Ligand SMILES: *Cc1c(COP(=O)(O)O)cnc(C)c1O
């Protein structure tokens, strides 16, 4: 073979210093575990799982530098050194001057929703996120989806499926008036659409429109580095920019942001609000004392804030973020190569199986994605999760299931935890499940919690 045509191998951009053995189980073990867990992968015990792709939230492997940072935790109740390091890092990397730490993302969502939303307000967003929408609703707001239509179509290959449809925003303003819209909630990337990015061109246009009407944009920047990678890779004019510069530019169009540090920022726990408006900051600082902890720790230990500050810097390094996203794409392309229906293009943190196309014979009210996630676990101990009718919940007015257009199983890749060989095993598991798809039936829900039911609902398999 000619030298030029040889495949160039790729390898993870890190060495492994500490290992955690994983445990294999038998099919019998797994069937028993599923029955005990009510066929909900959230209710399995970690020791029953072989490769855990439930979520990339708080499951990252920290670097040696982060672990070193854990040893210099300043556990003072007030004014911890680590808070100031975190604050300075957020100021430099994202450009927001004011920081309120919280225990994780939803702590920040709770506070910002209560500060900004009045009962009866409408909050536009580029597709809902489970905890984000719930906090907006609990504060008295109504969520309105303004994402482009392509986002709801798993087969559309649009490169920026997270983009906002500006016409939908204009219609909302015309219908409700700008004074009933306290802010626009912009997610980058859009988790529920399949980890799909938003383009900078769209953010700039949106900023123009919102500024005209005096509506601030607040950013859910939980996965902003992944979004920046896609912009660099796909958007005209950004190929020579650094990830850090792109991240900074995205934030520059927004009035504030909330973040779950458990994703991009490579920590096991942590989050914060980052703001520009002094008055919003004062109210948020006041509320954080009630719900999270003093405004210089917000429910976190000093060492956690230190690890997050270091993780934020690592998250915008090109080698890290490209390896992270490319690993997800590698898995997605491999799964799809045998004809398995997935959401395209592959997103930044997960591969999403299209459960409607995988199990077309199962009605959506029999929860095909929930059943499929359980069957994948049964096949080989790989844990995934549902993002469909169960996650979406019920319409509070009618009590009916939402039956969202996207009925998906999410195969989520933790950062720096698994190797390419683990990805190969996962793809083979999906193929084996695909081969026996015609025998797979639906589920009956036998226990349903009131809020975020997907975490704790229990099911019985239809035989
Ligand atoms: C995880 C996540 C949140 C919530 O953060 P937690 O740390 O889990 O509370 C909010 N928005 C997005 C996009 C997320 O992925």
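Numbering (this note's numbering), first residue to last: 3 to 465.
Idealized CB from N, CA, C, for every residue including glycine.
Quantities reported herein were computed from a predicted structural model and do not represent experimental measurements.
Check	Outcome
Kindly examine ligand 1 and report whether one of its heavy atoms sits closer than 6 Å to the Cβ of residue 91.	no
Determine whether the beta carbon atoms of residue 306 and residue 271 lie at a separation below 7 Å.	yes
Work out the CA separation of residue 198 and residue 190 for me, nearest whole Å.	8 Å
Does residue 120 pass the burial test, meaning 16 or more other C-beta atoms within 10 Å, or should it be called exposed?	exposed
Among 111, 82, 213, 91, which one has its Cα closest to the Cα of residue 293?	111
I need the DSSP call for residue 51, collapsed to helix, strand or coil.	coil
Which class does residue 296 belong to by DSSP, given the choice of helix, strand or coil?	coil
What whole-angstrom Cβ distance do residue 276 and residue 98 have, given they're in contact under 8 Å?	4 Å
Buried or exposed, going by whether 16 or more other CB atoms sit within 10 Å of the CB of residue 153?	buried
Between residue 313 and residue 269, which are expected to be in contact by the criterion C-beta below 8 Å, what is the C-beta distance as a whole number of angstroms?	5 Å
Helix, strand or coil for residue 184 per DSSP?	coil
DSSP beta-bridge partners for residue 277?	100, 258
On the DSSP bridge assignment, give the partners of residue 166 in chain order.	149
Could you tell me whether the segment 43-50 touches the segment 395-415, using the rule of 3 or more Cβ pairs below 8 Å?	no
I'd like to confirm something about residue 106: is its beta-carbon nearer than 6 Å to some heavy atom of ligand 1, or not?	yes
Between residue 334 and the rest of its own chain, which residues show a CB-CB distance below 7 Å, the 5 nearest in sequence each way excluded?	344, 348, 353
Enumerated in chain order, which unbroken segments of the beta strand (DSSP E) with a length of 3 residues or greater are wholly contained in the segment 335-380?	352-356
Starting from residue 232 and walking both ways along the alpha helix (DSSP H), at which residues does that stretch end?	226-236
Taking 8 Å as the limit between beta carbons, can you name the residues of its chain near residue 405, skipping five residues before and five after?	366, 367, 391, 394
Which residue wins for smallest C-alpha separation from residue 96, given the options 262, 258, 303?	258
Rounded to whole angstroms, how far is the Cβ of residue 149 from the Cβ of residue 203, which I believe are closer than 8 Å?	Not a contact, Cβ separation roughly 16 Å.
Distance check for residue 30 and residue 10, CA to CA, integer angstroms please.	41 Å
Is residue 387 helix, strand or coil by DSSP?	strand
Could you tell me the distance, in whole angstroms, from the CA atom of residue 184 to the CA atom of residue 113?	14 Å
Would you list the one or two residues that DSSP bridges to residue 192?	198
How many angstroms separate the CA atom of residue 129 from the CA atom of residue 192?	7 Å
Look up residue 92 in the DSSP assignment and say whether it is helix, strand or coil.	helix
Please confirm whether any heavy atom of ligand 1 lies closer than 6 Å to the CB of residue 386.	no
I'd like to know whether the C-beta atoms of residue 168 and residue 100 end up nearer to each other than 7 Å.	no
With H, G and I counted as helix, E and B as strand and the rest as coil, what does DSSP make of residue 61?	coil
On the criterion of 16 or more Cβ atoms from any shown chain inside 10 Å, does residue 241 qualify as buried, or is it exposed?	exposed
May I ask whether a heavy atom of ligand 1 can be found less than 6 Å away from the beta carbon of residue 224?	yes
Determine the closest residue to residue 456 out of 42, 17, 32, with distance taken between C-alpha atoms.	42
I'd like to confirm something about residue 133: is its beta-carbon nearer than 6 Å to some heavy atom of ligand 1, or not?	yes
With hydrogens ignored, establish whether the beta-carbon of residue 209 is closer than 6 Å to any heavy atom of ligand 2.	Annotation note on ligand 2: not contained in the displayed structure, which lists ligand 1 as its ligands.
Measuring only from the beta carbon, is residue 273 closer than 6 Å to any heavy atom that is part of ligand 1?	yes
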